[in-house]
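Q: Remember, our numbering sits 118 above the position in the sequence shown when you count from 1. For glycine and all other residues, C-beta sits at the position ideal for the given N, C-alpha and C.
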Amino acid sequence: MKNGYLSSWAKNVSPSPTLAVDAKAKALKAAGEDVCGFGAGEPDFDTPSFIKDVCAQALADGKTKYAPAAGIPDLRNALAQKYHEKGVLSEKNPAQVIVSPGGKYSCYLAILATCGPGDEVIIPAPYWVSYPEMVKLAGATPRIVFAGDNQGFKVTPTQIEEVLSPSSKLIILNSPSNPTGCLYSHQEMEAIVELACRHDLLIMSDEIYEYLLYDNAEHFSPASFSPEAADRVITVSGFSKTFSMTGWRLGTLVANPTITKAVADLQSQTTSNATTFAQFGALAAMENWDQAMDAVQGMLIHFDRRRLKLLDGLQGISGITCQRSEGAFYLFPNISSYGLSSEDFSARLLEEEKVAVVSGHAFGAEGYIRLSYATADEIIENGLNRIRKFCNNLN
Ligand SMILES: *Cc1c(COP(=O)(O)O)cnc(C)c1O
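1) Are at least three pairs of beta-carbons, each pair with one atom in the region 216-235 and one in the region 388-397, less than 8 Å apart?
2) How close, in whole Å, do the beta carbons of residue 311 and residue 343 come, if the pair is a contact with beta carbons under 8 Å?
3) Does the pairing of the region 278-286 with the region 299-309 give three or more beta-carbon distances under 8 Å?
4) Expressed to the nearest angstrom, what Euclidean distance is found between the alpha-carbon atoms of residue 488 and residue 158?
5) Please state the DSSP three-state secondary structure of residue 489.
6) For the beta strand (DSSP E) that contains residue 260, what are its first and last residues?
7) Apart from the five residues on each side of it in sequence, which residues of its chain come closer than 7 Å, Cβ to Cβ, to residue 347?
8) Which whole runs of the beta strand (DSSP E) in the region 179-220 are 3 residues long or more, in chain order?
9) Helix, strand or coil for residue 135 per DSSP?
10) With which residues is residue 154 paired in a DSSP beta bridge?
11) For residue 133, count the other beta carbons within 10 Å of its own beta carbon; 16 or more makes it buried, fewer makes it exposed. Which is it?
12) Quick one, which of 194, 163, 393, 225 has its alpha-carbon nearest residue 420's?
13) Please classify residue 161: is it buried, with 16 or more other beta-carbons within 10 angstroms of its beta-carbon, or exposed?
14) Please report the straight-line C-alpha distance between residue 452 and residue 491, rounded to a whole angstrom.
15) Which residue from 231, 405, 277, 264 puts its Cα closest to that of residue 322?
16) Tell me the DSSP bridge mates of residue 429?
17) Measuring CB to CB, does residue 432 end up less than 8 Å from residue 438?
18) Enumerated in chain order, which unbroken segments of the alpha helix (DSSP H) with a length of 4 residues or greater are wholly contained in the region 320-397?
19) Can you give the Cα-Cα distance for residue 415 and residue 508, rounded to whole angstroms?
20) Under the DSSP definition of a beta bridge, which residues are partnered with residue 243?
21) Counting along the chain, where does the alpha helix (DSSP H) carrying residue 248 start and finish?
22) Ligand 1 and residue 393: does any heavy atom of the ligand fall closer than 7 Å to the residue's C-beta?
23) Can you grab the Cα-Cα spacing for the pair residue 128 / residue 256, in whole Å?
24) By DSSP, does residue 287 sit in helix, in strand, or in coil?
25) On the three-state DSSP scale, how would you describe residue 418?
26) Assess, as a yes-or-no matter, whether the region 136-144 is touched by the region 250-266 under the definition of 3 or more beta carbon pairs within less than 8 Å.
27) Compute the minimum distance between the beta carbon of residue 364 and the heavy atoms of ligand 1, and state whether it is under 7 Å.
28) Assign residue 121 to buried or exposed, taking buried as 16 or more other Cβ atoms, counted over all protein chains shown, within 10 Å of its Cβ.
29) Where do the N-terminal and C-terminal ends of the alpha helix (DSSP H) with residue 501 fall, by residue?
30) Quick one: using the 10 Å Cβ neighbour count with 16 as the cut-off for buried, is residue 212 buried or exposed?
31) Specify, as a first and last residue, the run of the alpha helix (DSSP H) that residue 130 falls within.
32) Nearest by alpha-carbon distance to residue 150: which of 456, 472, 463, 500 is it?
33) As a quick exercise: from 318, 306, 424, 126, pick the residue whose alpha carbon is nearest that of residue 446.
34) So does residue 190 have its beta carbon nearer than 7 Å to some heavy atom of ligand 1?
35) In the DSSP assignment, find the alpha helix (DSSP H) that holds residue 276 and state where it starts and stops.
36) Output the distance between the C-alpha atoms of residue 290 and residue 324, rounded to the nearest integer angstrom.
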């Protein structure tokens with residue numbers, strides 16, 4: 119076979135390391151091991167029942183056929199209304215809204231629609247694992263800009279300017295962030311938007327954690343800063359994290375009409391529409407917004423308690439330092455004082471103490487590990503005891 123079975127794309131892509139850790143922890147558990155899993159990147163709650171009920175009714179009503187590639191009209195309308203209220207869309211224009219099979223696919227199509235060979239994409243690290251791979255799949259080149267805990271994991275405009283070249287096309291932002299939980303303030307976000315306008319760059323803003331906020335923190339969408347910003351920003355989000363709907367596979371994308379047209383065309387040729395009856399469940403969330411937000415507030419009470427418990431526990435281990443997060447459901451402690459690579463640290467922690475975390479290496483951040491606190495309180499308590507023991511043995 120000429121050059122083997124696989125394409126250059128397939129040979130270059132790495133599997134999602136977060137899904138891999140989760141799979142390994144689940145396999146250990148299935149083998150009877152008592153594993154404390156901090157690897158999962160999904161809420162541990164069930165989808166609010168009123169959303170499930172509407173979806174089940176849609177299924178019963180025969181909403182089982184193809185839908186328009188860009189999403190069912192009522193859902194695009196409701197999303198356009200919401201994004202208009204938030205200042206992301208200057209007009210309530212559903213043509214600027216796409217419903218996709220997952221926030222992840224929205225990210226991929228945003229990149230594919232705007233970047234190709236010869237283009238450079240600026241990715242702040244620690245980054246979500248999929249961004250560099252998606253950029254490479256589009257044939258474009260990732261340029262990583264690192265921001266450690268000493269700067270709250272947030273890149274500055276000066277750092278971005280240092281890597282700019284005539285080929286720079288897109289900046290990827292993710293606030294609140296997976297893996298760090300950090301959140302860009304109004305002023306920090308404005309400075310990056312201003313830089314993007316000045317240097318003629320696009321921004322992809324992944325806002326999948328926009329509603330998972332703590333300590334009265336506020337989320338800012340870069341598209342809402344000015345009409346020029348709205349034209350340059352592709353806003354990606356979805357239902358997975360907010361409403362505990364990861365398995366439903368429903369994402370959104372909002373951008374200028376040139377970009378949404380291209381995204382809809384790409385989607386029509388690759389997956390067609392997001393699952394039709396699932397979209398009716400999402401529509402129920404949009405049409406009963408207060409009820410949906412009440413459900414989210416209910417989950418946030420638990421997330422917040424667990425966040426503080428895990429933060430407090432980690433900060434109490436000598437050798438570990440951990441930033442307080444403001445969003446999402448992750449903490450990203452610094453474990454570099456032990457002199458182990460983050461991969462060795464997490465592999466040994468799983469091996470010796472049966473605690474699953476994700477190595478910072480996967481997020482472009484050597485010396486850190488990611489813990490998800492979207493898990494039960496007793497797992498957090500047991501896990502902390504085991505991590506403490508593990509670290510004390512390393513000291
Ligand atoms: C989970 C996640 C997504 C997308 O999730 P979907 O389940 O595909 O909607 C996108 N970006 C980040 C940073 C995430 O953590």
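A: So, from the data block:
1) yes
2) Here residue 311 corresponds to residue number 193 of the sequence shown, with the count starting at 1. Here residue 343 corresponds to residue number 225 of the sequence shown, with the count starting at 1. The Cβ separation is near 5 Å, so the contact holds.
3) no
4) Along the sequence shown, read from residue 1 onward, the residue named residue 488 stands at position 370. Along the sequence shown, read from residue 1 onward, the residue named residue 158 stands at position 40. So the two alpha carbons sit approximately 10 Å from each other.
5) The count along the sequence shown starts at 1 and reaches residue 489 at position 371. The answer is strand: DSSP assigns residue 489 an E or B state.
6) The count along the sequence shown starts at 1 and reaches residue 260 at position 142. Element bounds for residue 260: 259-264.
7) Working through the sequence shown from its first residue, we reach residue 347 at position 229. 311, 315, 340, 341, listed in sequence order.
8) 215-218
9) As a working note, residue 135 is residue 17 in the sequence shown. Correct three-state label for residue 135: helix.
10) Taking the first residue of the sequence shown as position 1, residue 154 is located at position 36. DSSP output for residue 154 lists 473 as bridge partner(s).
11) One-based indexing of the sequence shown puts residue 133 at position 15. The residue is exposed, with fewer than 16 neighbouring Cβ atoms inside 10 Å.
12) Reading the sequence shown from its first residue, position 302 is the one you call residue 420. Considering only alpha carbons, the answer is 163.
13) If you number the sequence shown from 1, residue 161 lands on position 43. Per the 10 Å Cβ criterion, buried.
14) Within the sequence shown, residue 452 is the residue found at index 334, counting from 1. Within the sequence shown, residue 491 is the residue found at index 373, counting from 1. C-alpha separation (whole angstroms): 16 Å.
15) Taking the sequence shown and counting its residues from 1, one reaches residue 322 at position 204. Of the candidates 231, 405, 277, 264, the one whose C-alpha sits nearest the C-alpha of residue 322 is 231.
16) Indexing the sequence shown from 1 puts residue 429 at position 311. Per DSSP, none; premise fails for residue 429.
17) One-based indexing of the sequence shown puts residue 432 at position 314. One-based indexing of the sequence shown puts residue 438 at position 320. Their beta carbons are under 8 Å apart, which means residue 432 touches residue 438 by this criterion.
18) 345-350, 375-388
19) To locate residue 415, count along the sequence shown from 1; it is residue 297. To locate residue 508, count along the sequence shown from 1; it is residue 390. C-alpha separation (whole angstroms): 35 Å.
20) If you number the sequence shown from 1, residue 243 lands on position 125. Paired residues: 264.
21) Here residue 248 corresponds to residue number 130 of the sequence shown, with the count starting at 1. Counting along the chain, the alpha helix (DSSP H) containing residue 248 begins and ends at 248-255.
22) Numbered from 1 along the sequence shown, position 275 holds the residue referred to as residue 393. No - ligand 1 has no heavy atom lying nearer than 7 Å to the Cβ of residue 393.
23) The residue you call residue 128 lines up with position 10 of the sequence shown. The residue you call residue 256 lines up with position 138 of the sequence shown. Looking at the two C-alpha atoms, the distance is approximately 12 Å.
24) Counting from one through the sequence shown, the residue named residue 287 turns up at place 169. Looking at residue 287 - three-state DSSP - the assignment turns out to be strand.
25) Working through the sequence shown from its first residue, we reach residue 418 at position 300. Residue 418: helix per DSSP, three-state reduction.
26) no
27) Reading the sequence shown from its first residue, position 246 is the one you call residue 364. Residue 364 Cβ: within cutoff of ligand 1.
28) The residue labelled residue 121 in the question sits at position 3 within the sequence shown. Under this definition residue 121 is an exposed residue.
29) Taking the first residue of the sequence shown as 1, we reach residue 501 at position 383. It spans 495-512 - the alpha helix (DSSP H) in which residue 501 sits, taken as one unbroken run.
30) For the purposes of this step, residue 212 is identified with residue 94 of the sequence shown, where counting begins at 1. So residue 212 counts as buried.
31) Against the sequence shown, residue 130 aligns to sequence position 12. Residue 130 -> alpha helix (DSSP H) spans 126-130.
32) Residue numbering aside, residue 150 sits at position 32 when the sequence shown is read from its first letter. The candidate whose alpha carbon is nearest that of residue 150 is 472.
33) Position 328 of the sequence shown, counted from the start, is the residue given in the question as residue 446. Closest option to residue 446, Cα to Cα, is 424.
34) Translated into positions along the sequence shown, residue 190 becomes position 72. False, no ligand heavy atom lies under 7 Å from that Cβ.
35) Position 158 of the sequence shown holds residue 276. Run containing residue 276: 275-281, per the alpha helix (DSSP H) assignment.
36) The residue labelled residue 290 in the question sits at position 172 within the sequence shown. The residue labelled residue 324 in the question sits at position 206 within the sequence shown. When rounded, the distance between both Cα atoms is 8 Å.
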